[in-house]
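Student: Below you'll find the structure I mean.
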Amino acid sequence: MSVEVYIPEEKIKSRIKELGEQITKDYNGEEVVIIAVLNGSFVFCSDLIRQIKCPVIVEFVGASSYGEGVESSGNVKITMDLKRDILGKHVLVVEDIVDTGLTLSNLLEVFKSRKPKSIKLASFLFKPARLKHPVPINYLGFEIEDKFVIGYGLDYGGKYRELPYVGVYKG
Ligand code: 5GP
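For the sequence shown, our numbering assigns the number 14 to the initial residue and increments by one for each residue that follows.
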């Protein structure tokens, strides 16, 4: 197999520093509950939280959507739920990539129904070509072309998450 580097490590580092600075400014010292959507976002999330200079609480959620063609929200299966209540909290959901937007649009509705004080979304990548369920991305790492990418948390068959860069899988 070969992997072509698509977003190099240094570019990722500097972009995440910028995102962290923006988030720090926006939350202005207030506590924020960071929700990492498993599995892919754990690498992005761990680098991002170390660039945020506000008190953070990190939570994890596992979710799978019921597939394409499901238009309504609420059709998401929470495979691992949060360990704490987000009622009245500032919430920042952290995702690896928004592709069709299905998972995130469903998940955001579930979290909104729990009445947080605010809810925002940070996504490392966004692939606009395939978007079907628009979601507001408040903090975006990179917009990418319609390519299947791996590395920096993103997998192919469970592998390649450990790559420090984003690559395009060449088979
Ligand atoms: P969505 O619900 O937005 O269609 O799906 C998002 C999920 O699909 C991501 O969390 C990720 O697991 C997977 N996904 C979408 N595009 C890619 C890609 O280019 N590479 C990898 N490795 N996973 C992707």
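All C-beta atoms in this analysis are idealised placements derived from N, C-alpha and C, irrespective of residue type, glycine included.
Computed from a predicted model, the values in this text were never measured in an experiment.
Under the three-state reduction of DSSP, which class applies to I29: helix, strand or coil?
Tutor: The residue labelled residue 29 in the question sits at position 16 within the sequence shown. Reduced to three states, the DSSP call for I29 is helix.
Student: Kindly indicate which three-state DSSP category S86 falls into: helix, strand or coil?
Tutor: As a first step, residue 86 is located in the sequence shown; it is residue number 73 there, counting from the start. Confidence at S86 is low in this model, with a pLDDT of 47, below 50, so its placement is unreliable and no value can be given for it.
Student: Does DSSP classify I150 as helix, strand or coil?
Tutor: If you number the sequence shown from 1, residue 150 lands on position 137. Of the three classes helix, strand and coil, the one that applies to I150 here is coil, per DSSP.
Student: Could you check the C-alpha separation between V50 and V16 for me, to the nearest Å?
Tutor: Numbered from 1 along the sequence shown, position 37 holds the residue referred to as residue 50. Numbered from 1 along the sequence shown, position 3 holds the residue referred to as residue 16. So the alpha carbons of these two residues sit roughly 25 Å apart.
Student: Helix, strand or coil: how does DSSP classify S54 here?
Tutor: Against the sequence shown, residue 54 aligns to sequence position 41. It is coil, neither helix nor strand.
Student: If F137 and F55 are in contact, beta carbons under 8 Å, what's the gap, nearest whole angstrom?
Tutor: For the purposes of this step, residue 137 is taken as residue 124 along the sequence shown, with counting starting at 1. For the purposes of this step, residue 55 is taken as residue 42 along the sequence shown, with counting starting at 1. Actually they do not touch by this definition, with Cβ atoms about 11 Å apart.
Student: Roughly how far, in whole angstroms, is the beta-carbon of N119 from the beta-carbon of A135, given that I think they are within contact range, below 8 Å?
Tutor: Position 106 of the sequence shown, counting from 1, holds the residue named residue 119. Position 122 of the sequence shown, counting from 1, holds the residue named residue 135. Contact doesn't hold; Cβ gap of about 17 Å is too wide.
Student: Compute the Euclidean distance between the alpha carbons of K30 and C67, then round it to the nearest angstrom.
Tutor: The count along the sequence shown starts at 1 and reaches residue 30 at position 17. The count along the sequence shown starts at 1 and reaches residue 67 at position 54. If I take the Cα positions, the gap works out to 14 Å.
Student: Measuring CB to CB, does I110 end up less than 8 Å from L121?
Tutor: Numbered from 1 along the sequence shown, position 97 holds the residue referred to as residue 110. Numbered from 1 along the sequence shown, position 108 holds the residue referred to as residue 121. Result no, Cβ atoms of I110 and L121 do not sit closer than 8 Å.
Student: Heavy atom of the ligand 5GP less than 7 Å from the Cβ of G53, yes or no?
Tutor: As a position in the sequence shown, residue 53 is number 40, starting the count at 1. The answer is yes for G53.
Student: Looking at I47: is its Cβ nearer than 8 Å to the Cβ of V71?
Tutor: In the sequence shown, residue 47 corresponds to position 34, counting from 1. In the sequence shown, residue 71 corresponds to position 58, counting from 1. For I47 and V71, yes; Cβs fall inside 8 Å.
Student: So is the beta-carbon of G75 under 7 Å away from any non-hydrogen atom of the ligand 5GP?
Tutor: Within the sequence shown, the letter at position 62 stands for residue 75. Not so, every heavy atom of the ligand 5GP lies at least 7 Å from the Cβ.
Student: Rounding to the nearest angstrom, what Cα-Cα distance links E175 and G166 in this structure?
Tutor: In the sequence shown, counting from the first residue as 1, residue 175 sits at position 162. In the sequence shown, counting from the first residue as 1, residue 166 sits at position 153. So the alpha carbons of these two residues sit roughly 6 Å apart.
Student: Going by other Cβ atoms of all chains shown within 10 Å of its Cβ, with 16 needed for buried, is G114 buried or exposed?
Tutor: Locating residue 114 in the sequence shown gives position 101, counting from the first residue. Per the 10 Å Cβ criterion, buried.
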